[in-house]
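Structure first, then comments.
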Amino acid sequence: NLAVYYPCGVSTNVDGTEVVVPPSHMMLRTYAYNDQVAYQWFAPAGLQRGVISNATNVGYVSAEGEFVPASLSEGMRDALYLNNINPIRQMINRGPVAWGQKTRSPVSSALDRVNVARLVNYIRYQAPKIVEPFLFEQNDKLTRKSAKAVVDAFISELVSLRGVYDWVTVCDES
78 NLAVYYPCGV STNVDGTEVV VPPSHMMLRT YAYNDQVAYQ WFAPAGLQRG
128 VISNATNVGY VSAEGEFVPA SLSEGMRDAL YLNNINPIRQ MINRGPVAWG
178 QKTRSPVSSA LDRVNVARLV NYIRYQAPKI VEPFLFEQND KLTRKSAKAV
228 VDAFISELVS LRGVYDWVTV CDES
C-alpha cells in the first residue's frame with residue numbers, strides 16, 4: 078500500500094550543505110526507526126515513533142527556488158488527512174513529526190492505515206514460509222492439525238507483540 082506525506086524537508090547533504098528533500102526521504106528513516114524500536118504494526122507517526130531525525134524543517138521550494146518554511150495549521154492538516162495525505166508537522170522543540178499514517182486506500186477500513194497494511198504484508202510474507210514444510214504431505218487430519226499448530230504459534234506470537242488481538246485458524250477439509 079502507498080502512503081503520501083507532505084511537505085518537503087530541509088536536510089544536510091554529505092558535504093554539509095543544506096538541501097531540500099522529499100517527504101519520502103524523511104519517512105524512509107522514520108519507518109526504519111519505527112521498526113528498530115517497535116514493529117511494523119506500530120504506527121510510524123506521533124511523538125514516540127514519528128519524530129523525523131533526518132530533517133530540520135519542513136516547507137516547500139518557491140517559484141524563485143528558495144525554501145519556504147511551512148507551518149501547517151490544524152485546518153490544513155485536517156484537509157490533508159481527509160484526502161489521505163499525511164501531514165508532517167514542524168513542532169517546537171521536537172522538529173518535524175509525521176502526524177498521520179493513512180494509506181491511499183480508497184476504501185475506509187483497517188487497511189487504510191500504514192501499520193495495519195504493514196502487518197498484513199508481514200503475515201503474507203511469513204505465512205507461506207511457515208507452512209511450506211507441509212507441502213506435499215498427506216492431506217489428512219494429522220497434517221492439518223500440525224499445520225494449524227504452527228500457524229497458531231505464529232499468530233500467538235503476534236498477539237504477544239501487540240500486532241493481533243483476535244484470530245481464528247481454519248485448517249480442515251474445506
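To convert, take the position in the sequence shown, counting from 1, and add 77; that gives our numbering.
We treat Cβ as the ideally placed atom computed from N, Cα and C, and that holds for glycine.
Is the beta carbon of Val208 less than 9 Å from the beta carbon of Ala226? Numbered from 1 along the sequence shown, position 131 holds the residue referred to as residue 208. Numbered from 1 along the sequence shown, position 149 holds the residue referred to as residue 226. Taking a C-beta distance under 9 Å as the contact criterion, Val208 and Ala226 do not qualify as a contact pair.
*Nearest residue (CA-CA) to Val174, options Asn131, Asn216, Arg190 and Glu141*: Position 97 of the sequence shown, counted from the first residue, corresponds to residue 174. Comparing C-alpha distances from Val174 to each of Asn131, Asn216, Arg190 and Glu141 shows the shortest one belongs to Asn131.
Is the separation between the beta-carbon of Leu149 and that of Pro100 shorter than 9 Å? Position 72 of the sequence shown, counting from 1, holds the residue named residue 149. Position 23 of the sequence shown, counting from 1, holds the residue named residue 100. Not closer than 9 Å, so no.
TODO: Tell me, please, whether the stretch 113-123 touches the stretch 190-197 by the rule of three or more beta-carbon pairs shorter than 8 Å.
DONE: yes
- request: Just mark Asn90 as buried or exposed, buried being the case when its beta carbon has 16 or more other beta carbons within 10 Å.
  value: Locating residue 90 in the sequence shown gives position 13, counting from the first residue. Exposed.
Do you know offhand how far Gly172's Cα is from Thr107's? Here residue 172 corresponds to residue number 95 of the sequence shown, with the count starting at 1. Here residue 107 corresponds to residue number 30 of the sequence shown, with the count starting at 1. Taking the straight line joining both Cα atoms gives about 13 Å.
- Which stretch, first to last residue, makes up the beta strand (DSSP E) that contains Arg166? Indexing the sequence shown from 1 puts residue 166 at position 89. Its beta strand (DSSP E) spans residues Ile162 to Met168.
*Given a cut-off of 9 Å, decide if Arg190 and Trp176 are closer than it, judged by their beta-carbon atoms.*
Start at 1 with the first residue of the sequence shown, and residue 176 comes out as number 99. Start at 1 with the first residue of the sequence shown, and residue 190 comes out as number 113. Going by C-beta atoms, Trp176 is not nearer than 9 Å to Arg190.
Inset, instruction - Determine which residues share a DSSP beta bridge with Lys179 and list them. - result: As a first step, residue 179 must be located in the sequence shown, where it is residue number 102. BP columns for Lys179 point to Arg190.
| said: Does Tyr242 come out as helix, strand or coil in the three-state DSSP assignment? | reply: Counting from one through the sequence shown, the residue named residue 242 turns up at place 165. Note: Tyr242 maps to coil in three-state DSSP.
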